[in-house]
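Numbering (my numbering), first residue to last: 1 to 423.
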């Protein structure tokens with residue numbers, strides 16, 4: 001099965017991201033449900049699950065659901081100087097309600113800004129400690145004058161649900177490739193929306209592909225608590241069935257093992273398609289790979305990222321806006337992950353069927369007249385045959401040859417048609 005080719009979808013993905021960008025998402029709540037509803041329009045057979053607040057999930061507990069309606073700070077002239085409706089990053093995530101008048105001195109204890117990025121609004125949360133706060137640019141914070149400020153947050157924390165989406169695509173085998181992306185950040189483009197929109201396009205591509213070798217399970221979840229919740233319900237089944245997978249957010253983060261099929265496929269594709277990619281170690285982990293590869297879970301999950309979280313100055317700020325991503329960048333990410341999946345789908349252990357070197361000429365696979373340089377085009381074929389011992393897989397052989405697997409696979413198909421190898 002060869003499924004490497006994928007139609008460029010950059011403008012579609014950018015349009016989806018633009019629609020989703022204004023939604024105020026968190027680890028629970030209406031923003032997550034709105035996002036999943038939007039994705040369901042694009043992937044109708046996605047199943048949206050709900051897990052009630054208070055549910056014990058491993059060492060954690062599903063938190064109360066956060067509802068946010070309005071939030072602002074008003075100066076003593078009645079002017080709103082910070083307004084959640086203008087930018088949802090202005091409010092600390094999971095802020096509790098408040099309606100009070102405070103002096104600037106007391107208000108400062110609940111303000112967050114970045115002195116080294118004075119024009120950026122930071123992204124701040126307080127999920128598991130009941131608190132409140134506002135975020136603003138450091139320039140604006142420095143301009144605040146002494147006086148009283150009216151603070152208003154209209155929010156609720158109450159029993160509700162944690163929601164996530166799941167898609168299952170059946171292949172010939174019950175063995176699965178697992179893909180995960182998160183949907184819990186508010187208005188940030190690269191850190192949040194590049195993952196879900198690329199994953200959505202990838203699901204559409206997989207569903208249109210015929211005769212998949214493996215089955216595919218794809219989840220759209222809140223980060224950390226979502227993956228922990230999902231694993232608490234499904235990890236035994238996943239451990240039995242998942243042979244490879246990725247956490248999607250051109251950087252590469254290995255699995256904890258570091259030598260799974262996921263790792264090999266990702267590195268192979270990045271080496272050939274994004275030669276300037278950055279490689280990290282497991283010690284640099286920071287997202288849901290922590291949960292999928294945790295001791296006792298031990299799933300073969302690596303990460304492929306356009307840019308690693310925390311490694312660019314726009315990370316977790318208002319500067320990570322729609323101008324920070326592009327259709328070309330989204331296409332690049334989709335191209336890498338689709339090729340990695342193609343490598344997994346087509347990875348096999350070729351074995352030569354002829355003792356000794358086969359006579360290629362009588363099969364029309366070798367030049368009739370042997371002169372210097374005439375066999376150059378057949379060198380790769382001969383090299384494939386010499387390594388086709390049934391012990392090396394196609395990724396390993398392609399790496400030895402320094403040739404992309406998707407090119408090697410064409411020749412393997414030809415050798416198979418001529419009954420020179422079995423797979």
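C-beta atoms are modelled at their ideal positions from N, C-alpha and C, and glycine is treated no differently. Quick caveat, the model's predicted, so the values are computed rather than measured.
Which residues in the same chain have their Cβ closer than 7 Å to the Cβ of residue i, if we skip the five residues on either side of it in sequence?
| i | result |
| --- | --- |
| residue 304 | 246, 248, 252, 266, 336, 337, 340 |
| residue 118 | 137, 138, 139 |
| residue 94 | 26, 66, 125, 126, 127 |
| residue 6 | 205, 334, 335, 338 |
| residue 419 | 353 |
| residue 321 | 189 |
| residue 282 | 254, 256, 258 |
| residue 351 | 388, 389, 390, 421, 422 |
| residue 230 | 164, 219, 221 |
| residue 103 | 148 |
| residue 21 | 187, 189, 193, 322 |
| residue 24 | 31, 68, 88, 186 |
| residue 370 | In this prediction, residue 370 has a pLDDT of 46, which is less than 50 and means its spatial position is unreliable; nothing more can be read from the coordinates. |
| residue 213 | 1, 171, 172, 173, 345 |
| residue 328 | 10 |
| residue 309 | Bear in mind that a pLDDT of 49 at residue 309, under 50, signals an unreliable position, so the model cannot answer this. |
| residue 132 | 92, 95, 96, 98, 110, 153 |
| residue 399 | 268 |
What residue does the beta strand (DSSP E) around residue i start on, and which one ends it?
| i | result |
| --- | --- |
| residue 180 | 176-182 |
| residue 155 | 148-158 |
| residue 248 | 242-248 |
| residue 166 | 161-169 |
| residue 219 | 215-221 |
Let me make sure I understand the geometry here. Which of the options has the alpha-carbon closest to that of residue i?
| i | options | result |
| --- | --- | --- |
| residue 115 | 255, 317, 130 | 317 |
| residue 31 | 79, 120, 184, 55 | 184 |
| residue 421 | 193, 225, 88, 387 | 387 |
| residue 33 | 361, 209, 48 | 48 |
| residue 191 | 171, 323, 298 | 323 |
| residue 223 | 195, 239, 41 | 195 |
| residue 312 | 301, 325, 302 | 325 |
| residue 226 | 13, 56, 69, 12 | 56 |
| residue 19 | 297, 8, 413, 41 | 41 |
| residue 108 | 10, 59, 73 | 73 |
| residue 208 | 43, 129, 113, 286 | 43 |
| residue 262 | 284, 289, 277 | 289 |
| residue 97 | 113, 211, 130, 144 | 130 |
| residue 167 | 280, 46, 180 | 46 |
| residue 61 | 197, 159, 37, 36 | 159 |
| residue 15 | 200, 3, 299 | 200 |
| residue 180 | 264, 77, 402, 291 | 291 |
| residue 298 | 240, 280, 410, 182 | 240 |
| residue 145 | 402, 77, 155 | 77 |
In the DSSP assignment, the alpha helix (DSSP H) including residue i goes from what residue to what residue?
| i | result |
| --- | --- |
| residue 133 | Element bounds for residue 133: n/a, residue is neither H nor E. |
| residue 208 | 194-208 |
| residue 289 | 289-292 |
| residue 380 | 379-387 |
| residue 224 | Run containing residue 224: none; DSSP gives neither H nor E here. |
| residue 281 | Unbroken run through residue 281: none, as it is neither H nor E. |
| residue 395 | 394-401 |
| residue 416 | 405-417 |
| residue 271 | 261-273 |
Kindly give me the distance between the Cβ atoms of residue i and residue j, rounded to whole angstroms, as I take these residues to be in contact under 8 Å.
| i | j | result |
| --- | --- | --- |
| residue 51 | residue 157 | Wrong, their Cβ atoms sit about 17 Å apart, outside the cutoff. |
| residue 39 | residue 178 | That belief does not hold up - the Cβ atoms of residue 39 and residue 178 are roughly 18 Å apart, past 8 Å. |
| residue 99 | residue 152 | 5 Å |
| residue 202 | residue 17 | Not a contact, Cβ separation roughly 14 Å. |
| residue 187 | residue 331 | Their Cβ separation, rounded to whole angstroms, is 23 Å, which puts residue 187 and residue 331 out of contact at 8 Å. |
| residue 384 | residue 355 | With 8 Å as the limit, residue 384 and residue 355 do not qualify as a contact, their Cβ atoms being about 17 Å apart. |
| residue 260 | residue 294 | With a Cβ gap of about 15 Å, residue 260 and residue 294 do not count as contacting. |
Could you pull out every residue in the same chain whose Cβ sits closer than 8 Å to the Cβ of residue i, ignoring the five residues on either side in sequence?
| i | result |
| --- | --- |
| residue 234 | none |
| residue 90 | 71, 82, 83, 84, 121, 134, 135, 136 |
| residue 372 | Here residue 372 scores only 43 on pLDDT, less than 50, and its place in the model should not be relied on; the value that follows carries that caveat. Closer than 8 Å at the Cβ level, and outside the excluded window around residue 372, lies no residue. |
| residue 58 | 228, 231, 232 |
| residue 319 | 117, 119, 120, 313 |
| residue 80 | 72, 73, 74 |
| residue 29 | 65, 66, 67, 68, 160 |
If you drop the 5 nearest sequence neighbours on each side, which residues of the same chain put their C-beta closer than 6 Å to that of residue i?
| i | result |
| --- | --- |
| residue 404 | 272 |
| residue 347 | 393, 394, 395 |
| residue 123 | 89, 316 |
| residue 54 | none |
| residue 360 | 366 |
| residue 243 | 175 |
| residue 363 | 418 |
Are any of the Cβ atoms in chain C nearer than 8 Å to that of residue i?
| i | result |
| --- | --- |
| residue 409 | Judged by its chain identifiers, the structure shown contains no chain C, having just a single protein chain. |
- Query: What beta strand (DSSP E) runs, 3 residues minimum, are completely inside the region 66-125?
  - Reply: 80-83, 98-103
- Query: In chain order, which alpha helix (DSSP H) runs of at least 4 residues are fully inside the region 310-357?
  - Reply: 327-346
- Query: Can you list the beta strand (DSSP E) stretches of 3 or more residues lying completely in the region 21-63, in chain order?
  - Reply: 47-52
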